[in-house]
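The next block holds one structure in the form of structure tokens; read it before the comments.
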Amino acid sequence: EAGVVQSPRYKIIEKKQPVAFWCNPISGHNTLYWYLQNLGQGPELLIRYENEEAVDDSQLPKDRFSAERLKGVDSTLKIQPAELGDSAVYLCASSLGAGGNYNEQFFGPGTRLTVL
Amino acid sequence: GNSVTQMEGPVTLSEEAFLTINCTYTATGYPSLFWYVQYPGEGLQLLLKATKADDKGSNKGFEATYRKETTSFHLEKGSVQVSDSAVYFCALRYSTGNQFYFGTGTSLTVIP
Numbered sequence: 449e450a451g452v453v454q455s456p457r458y459k460i461i462e463k464k465q466p467v468a469f470w471c472n473p474i475s476g477h478n479t480l481y482w483y484l485q486n487l488g489q490g491p492e493l494l495i496r497y498e499n500e501e502a503v504d505d506s507q508l509p510k511d512r513f514s515a516e517r518l519k520g521v522d523s524t525l526k527i528q529p530a531e532l533g534d535s536a537v538y539l540c541a542s543s544l545g546a547g548g549n550y551n552e553q554f555f556g557p558g559t560r561l562t563v564l
Numbered sequence: 011g012n013s014v015t016q017m018e019g020p021v022t023l024s025e026e027a028f029l030t031i032n033c034t035y036t037a038t039g040y041p042s043l044f045w046y047v048q049y050p051g052e053g054l055q056l057l058l059k060a061t062k063a064d065d066k067g068s069n070k071g072f073e074a075t076y077r078k079e080t081t082s083f084h085l086e087k088g089s090v091q092v093s094d095s096a097v098y099f100c101a102l103r104y105s106t107g108n109q110f111y112f113g114t115g116t117s118l119t120v121i122p
């Protein structure tokens with residue numbers, strides 16, 4: 449079974465340019481997460497989807513970041529315009545669903561963004 | 011608020027040495043606790059978990075016990091291998107929500 453797929457793996461752009469990241473979760477997983485991981489830090493949640501609905505986007509900087517999951521499967525995270533401080537690894541994860549005592553998240557390899 | 015504190019790294023050990031990576035948490039209620047591992051160039055992988063007090067999670071020779079009285083979930087392994095070199099993240103999650111809180115990670119390097 450394929451894991452969580454992310455593309456691109458690496459992206460280098462100049463500041464003020466737009467950039468988009470794509471994630472395809474594990475088949476059948478209803479919950480999808482986007483995390484930001486700065487160097488030497490743990491992942492920090494940006495947004496969580498239950499199917500196509502964004503149920504937690506409180507940490508998403510909405511002035512420049514946007515995300516969508518139109519059909520409740522794959523998802524795109526966009527930054528426009530990018531700033532130097534956006535350089536980080538953007539991780540996507542998915543799980544079967546929400547709630548319950550435990551629900552394992554499966555992570556993709558991440559997209560490493562460098563803003564020059 | 012909810013948070014997870016891990017011992018700072020990097021940690022360097024010789025092969026077959028004993029490993030402990032400390033993790034403490036701050037939370038209300040009864041969260042589930044996790045250890046994730048991130049190998050170079052890869053995404054995070056679940057290593058082990060515990061969902062209630064006194065539970066012991068174990069996998070690949072690693073163990074961690076959910077200690078509510080000390081709010082801790084320390085990771086241990088009796089004899090590390092070179093292949094254990096990675097970054098280890100402690101995390102917590104509430105059953106009523108689906109948000110995970112991660113620690114800052116501890117880098118482990120095992121030398122032959």
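Heads up: the sequence lines are chains V and L, in that order. All letters in the first sequence, in the order written, are residues 449 to 564 by the working numbering. All letters in the second sequence, in the order written, are residues 11 to 122 by the working numbering. Cβ atoms here follow ideal geometry from the backbone N, Cα and C, with glycine treated the same way.
* Asked: Residues in its own chain within less than 6 Å of GLY67 (chain L) by CB, not counting five upstream and five downstream?
  -> Answer for GLY67 (chain L): LEU58, LYS59, ALA60, ALA74, listed in chain order.
* Asked: Quick one: is TYR550 (chain V) near chain L, going by C-beta distance under 7 Å?
  -> Unreliable positioning characterises TYR550 (chain V) in this predicted model, as indicated by a pLDDT of 49, which lies under 50. The coordinate reading is nonetheless provided below. Against chain L, the CB of TYR550 (chain V) has a partner CB under 7 Å away; the residue lies at that interface.
* Asked: Does LEU43 (chain L) get closer than 7 Å to chain V when you measure Cβ to Cβ?
  -> By this cut-off, LEU43 (chain L) is not an interface position.
* Asked: Given that GLU52 (chain L) touches chain V, what residues does it touch there, using C-beta distances under 9 Å?
  -> PHE555, PRO557, GLY558, listed in chain order.
* Ranges of the beta strand (DSSP E) found wholly within the stretch 31-107 of chain L, counting only runs of at least 3 -> The qualifying runs are 33-36, 42-48, 54-60, 66-69, 72-75, 85-87, 96-103.
* Anyone know if the C-beta pair for GLY520 (chain V) and GLU500 (chain V) falls short of 7 Å? -> The answer is yes: Cβ separation under 7 Å.
* Asked: If we call anything under 7 Å between Cβ atoms a contact, is THR438 (chain V) one with GLU498 (chain V)?
  -> Absent from the structure is residue 438 (chain V), since the part of chain V shown begins at 449 and ends at 564.
* Looking at the C-beta of PHE28 (chain L), does it have a partner C-beta in chain V at a distance below 7 Å? -> Output row for PHE28 (chain L): interface = no.
* Asked: Does GLY520 (chain V) come within less than 7 Å of chain L when only Cβ atoms are used?
  -> Not closer than 7 Å to any Cβ of chain L, the Cβ of GLY520 (chain V) fails to qualify, so no.
* Does any C-beta atom of chain L lie closer than 7 Å to the C-beta of GLY490 (chain V)? -> By the rule that beta-carbons nearer than 7 Å mark a contact, GLY490 (chain V) touches chain L.
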